[in-house]
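As structure tokens, the structure follows; a few thoughts come after it.
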Amino acid sequence: MLQLSEKAKKVKASSTLAITAKAKELKAQGVDIVGFGAGEPDFPTPEHIADAAIQAIHTGFTKYTPASGTEELKQAISKKFQVFNGLTYQPQQIVISNGGKHALTNIFTAILNPGEEVLIPVPYWLSYPEMVRLADGVPVFLDCKQENEYKVTPEQLAQACTSRTKALILNSPCNPTGMVYTAEELKAIAQVAIEKDFYIIADEMYEYLTYDGAKHVSIASLGKEIYERTITCSGLSKSYAMTGWRIGYIGAPEEIAKCIANIQSHQTSNPNSIAQKAAVAALLGPQDAIETMRQAFDERRQYMRERIQQMPLVRAVQPKGAFYYFLDVSKALTKQLHGKPIETIENLAYLLLTEYNIAVVPCTDFGAADHIRLSYAIAMDQMIKGMDRLEQFLNSLQ
Ligand code: PLP
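Take 1 as the starting number for the sequence shown in my numbering and just add one per residue.
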């Protein structure tokens, strides 16, 4: 076979999808697996949203739409930006894509020249570095401390800047840590971005999911100068239980949005027409489903906290957003199970899956090789069973 491209050969498969697939496979074989791996709500898409899609099919809304999305959906997103985020993005500043992932890859293609650097706070969502590399950029990792809730500081940013720095990825609420940046913290970060002159890519995919009174703030809403250098990215996957529908979007200065729309017009054309109709119903219809889901996640998060606090060998900062618990298991890695050392996070996850029947995400690919991520987007009875099993595992370590 002829050689594939060097760039393509370096891309790794997404390990979160792999874990979920492995857990599903074991489940299909009849093994009673508790899956803490999922990065998606366990709720169905609300019925009125599904109905809008069915109607779209029956009324023949099944053709190409404008490549960057329909005017109707852009208007709905523009309204949501205004009401929820306090952001003014006109429809021509909005591009709708095939999920948040696609929206993000478009951004990197639009802003990066070969060799330009993108600052990525660690721990990070595993796709960021791969996306940056695919767009010929260079990821620059900034190690964030547990004592600082895994958040990047303005000092770190200022120090990491070089003449090649093009952007910072800011993910709040954060996957995998569950941390939410405060307005004060964002103001300080915005100041550095303005002074050092780089873009902010604000990934706000989990914006509706905050707890303990934490409030989501969009960095672009903090002033004209930061608005002009921010690309705000979000989508319907997590907040509306619409992961399979593939609708994500960006709001950005018009010139950037136009450039992204041009790229998309050649790569994929429009996002699915039917899903766009469903997204309009989601954004303009009743919003109570979001709150119902958020409350259910919150209840599970609190249950998880109580259980984790009782467990030996693990530490966690209480998450305030998204639906993940980020567990520091570095102490467990120094222990043994049945006389054999655990040593690596992959081995720990493997033992949990094969011997204790719980699927967790080992966070090596999130830049944290001594942490695991547990999603609490799972039913309460599963959660209880899974926590019992995790406790048994930890108690068996010597
Ligand atoms: N950003 C973050 C932080 C995510 O966790 C995810 C999905 O897991 C996405 C973006 C992409 O979402 P989508 O499923 O819409 O592509």
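Cβ atoms here follow ideal geometry from the backbone N, Cα and C, with glycine treated the same way.
Pick from G386, Q295, P362 and Y227: whose alpha carbon is nearest that of P125? One-based indexing of the sequence shown puts residue 125 at position 125. The identity of residue 125 in the sequence shown is Trp, whereas the question assumes Pro. The shortest C-alpha separation from W125 is found at P362.
Reference A135; option with closest CA among V118, E149, E207 and D143: Counting from one through the sequence shown, the residue named residue 135 turns up at place 135. Residue V118 is the option with its Cα nearest to A135.
Between I260 and A359, which are expected to be in contact by the criterion C-beta below 8 Å, what is the C-beta distance as a whole number of angstroms? One-based indexing of the sequence shown puts residue 260 at position 260. One-based indexing of the sequence shown puts residue 359 at position 359. I260 to A359, Cβ: 35 Å. No contact.
Check whether the Cβ atoms of S269 and A67 lie closer than 9 Å to each other. As a working mapping, residue 269 is identified with position 269 in the sequence shown. As a working mapping, residue 67 is identified with position 67 in the sequence shown. Cβ atoms of S269 and A67: closer than 9 Å.
Give the range of the alpha helix (DSSP H) segment to which A110 is assigned. For the purposes of this step, residue 110 is taken as the residue at position 110 of the sequence shown. Note, A110: alpha helix (DSSP H), G100 to I111.
Give me the Cα-Cα distance between Y181 and A28, rounded to the nearest whole angstrom. As a working note, residue 181 is residue 181 in the sequence shown. As a working note, residue 28 is residue 28 in the sequence shown. Roughly 40 Å separates the two Cα atoms.
Pocket of ligand 1 (residues with CB nearer than 6 Å to any heavy atom), chain order: Taken from the N-terminal end onward, the list reads G39, G99, G100, K101, W125, N171, N175, D203, M205, G235, S237, T243 and G248.
Nearest-angstrom Cα distance between V192 and R133? Counting from 1 along the sequence shown, the entry for residue 192 is found at position 192. Counting from 1 along the sequence shown, the entry for residue 133 is found at position 133. Spanning the two alpha carbons is a distance of roughly 24 Å.
In this structure, how does DSSP classify E155 when only helix, strand and coil are distinguished? Sequence index remark: in the sequence shown, residue 155 carries index 155 (1-based). Three-state result, E155: helix.
Start and end of the alpha helix (DSSP H) containing Y399? This structure gives no information on residue 399, because the portion of the chain shown stretches from 1 to 398.
Thinking just about the alpha-carbon of each residue, which of A332, I290 and E254 is nearest to the one in Q92? By one-based count along the sequence shown, residue 92 stands at place 92. Comparing Cα-Cα distances from Q92 to each of A332, I290 and E254, the minimum goes to E254.
Is the beta carbon of R389 closer than 9 Å to that of Y350? Mapped onto the sequence shown, residue 350 falls at position 350. Mapped onto the sequence shown, residue 389 falls at position 389. Result no, Cβ atoms of Y350 and R389 do not sit closer than 9 Å.
Whole-angstrom C-beta distance between L283 and S239, which should lie under 8 Å: Here residue 239 corresponds to residue number 239 of the sequence shown, with the count starting at 1. Here residue 283 corresponds to residue number 283 of the sequence shown, with the count starting at 1. S239 to L283, Cβ: 10 Å. No contact.
Which same chain residues, not among the five before or five after L222, have their C-beta less than 8 Å away from its C-beta? If you number the sequence shown from 1, residue 222 lands on position 222. Around L222: A183, L186, K187 and A190.
Going by Cα to Cα distance, which pick from N395, D51 and K320 is closest to G213? For the purposes of this step, residue 213 is identified with residue 213 of the sequence shown, where counting begins at 1. Among N395, D51 and K320, the Cα nearest to that of G213 is on K320.
Using the Cα positions of F81 and A220, report the straight-line distance between them to the nearest angstrom. Locating residue 81 in the sequence shown gives position 81, where the first residue counts as 1. Locating residue 220 in the sequence shown gives position 220, where the first residue counts as 1. In this structure, the CA atom of F81 is about 11 Å from the CA atom of A220.
So, is I57 buried or exposed, given that buried needs 16 or more other C-beta atoms within 10 angstroms? The sequence position of residue 57 within the sequence shown is 57, counting from 1. When all chains shown are included, I57 counts as exposed.
Contained alpha helix (DSSP H) runs [length at least 4] in the region 153-219, N- to C-terminal order: Counting only runs of 4 or more, we get 154-160 and 183-196.
Determine the contact status of M380 and Y303, defining contact as a CB-CB distance below 9 Å. To locate residue 380, count along the sequence shown from 1; it is residue 380. To locate residue 303, count along the sequence shown from 1; it is residue 303. For M380 and Y303, yes; Cβs fall inside 9 Å.
Nearest to A332 (by Cα), restricted to the options Y325, G251, R315 and Y376: On the sequence shown, position 332 is the one that residue 332 refers to. Of the residues Y325, G251, R315 and Y376, the one whose Cα lies closest to the Cα of A332 is R315.
Pop quiz: A103 and V280 are said to be a contact at Cβ under 8 Å. What is the actual Cβ separation, rounded to whole angstroms? For this step, residue 103 is matched to residue 103 along the sequence shown. For this step, residue 280 is matched to residue 280 along the sequence shown. About 17 Å separates the beta carbon of A103 from that of V280, a gap too long to meet the 8 Å contact definition.
Who does Y324 pair with in a DSSP beta bridge? Taking the sequence shown and counting its residues from 1, the one referred to as residue 324 is at position 324. S375.
Pair every Cβ in the region 195-208 with every Cβ in the region 231-251, then say whether three or more of these pairs are closer than 8 Å. yes
Reduced DSSP secondary structure (H/G/I, E/B, other) of T364: Here residue 364 corresponds to residue number 364 of the sequence shown, with the count starting at 1. Helix, per DSSP.
Tell me, please, which residues DSSP counts as bridged to K340. Position 340 of the sequence shown, counted from the start, is the residue given in the question as residue 340. According to DSSP, K340 shares a beta bridge with L337.
Would you mind stating whether F36 and S375 have Cβ atoms separated by less than 9 Å? Position 36 of the sequence shown, counted from the start, is the residue given in the question as residue 36. Position 375 of the sequence shown, counted from the start, is the residue given in the question as residue 375. Taking 9 Å as the Cβ cut-off, F36 and S375 qualify as a contacting pair.
Name the one or two DSSP bridge partners that C234 has. What you label residue 234 is simply residue 234 of the sequence shown in a count that begins at 1. One detail in the question is off: residue 234 reads as Ser in this sequence, not Cys. Paired residue(s): Y249.
Whole-angstrom C-beta distance between I250 and V95, which should lie under 8 Å: For this step, residue 95 is matched to residue 95 along the sequence shown. For this step, residue 250 is matched to residue 250 along the sequence shown. Indeed they touch by this definition, with Cβ atoms about 5 Å apart.
K196 beta carbon less than 9 Å from that of A158: As a working mapping, residue 158 is identified with position 158 in the sequence shown. As a working mapping, residue 196 is identified with position 196 in the sequence shown. Yes, Cβ-Cβ distance for A158 and K196 is below 9 Å.
Contacting residues, own chain, Cβ-Cβ under 6 Å from S400 (five flanking each side not counted): Any answer about residue 400 is impossible in this case: the structure gives the chain only from 1 up to 398.
Looking at G248: is its Cβ nearer than 9 Å to the Cβ of G115? Position 248 of the sequence shown, counted from the start, is the residue given in the question as residue 248. Position 115 of the sequence shown, counted from the start, is the residue given in the question as residue 115. In terms of Cβ geometry, G248 and G115 do not form a close pair [threshold 9 Å].
So A202 packs on L170, CB below 8 Å; how close in whole Å? Taking the sequence shown and counting its residues from 1, one reaches residue 202 at position 202. Taking the sequence shown and counting its residues from 1, one reaches residue 170 at position 170. Between L170 and A202 the Cβ distance is about 5 Å, and since that is below 8 Å, they are a contact.
Which stretch, first to last residue, makes up the alpha helix (DSSP H) that contains D32? By 1-based counting over the sequence shown, the position of residue 32 is 32. That residue, D32, is in no alpha helix (DSSP H); it is neither H nor E in DSSP.
Skipping 5 residues on each side, what residues in its chain have a beta carbon closer than 6 Å to that of Y227? Counting from 1 along the sequence shown, the entry for residue 227 is found at position 227. Excluding positions up to five away in sequence, the list reads A220.
Return the residue from the list E147, P121 and R305 that minimises the CA-CA distance to Q156. Counting from 1 along the sequence shown, the entry for residue 156 is found at position 156. Of the candidates E147, P121 and R305, the one whose C-alpha sits nearest the C-alpha of Q156 is P121.
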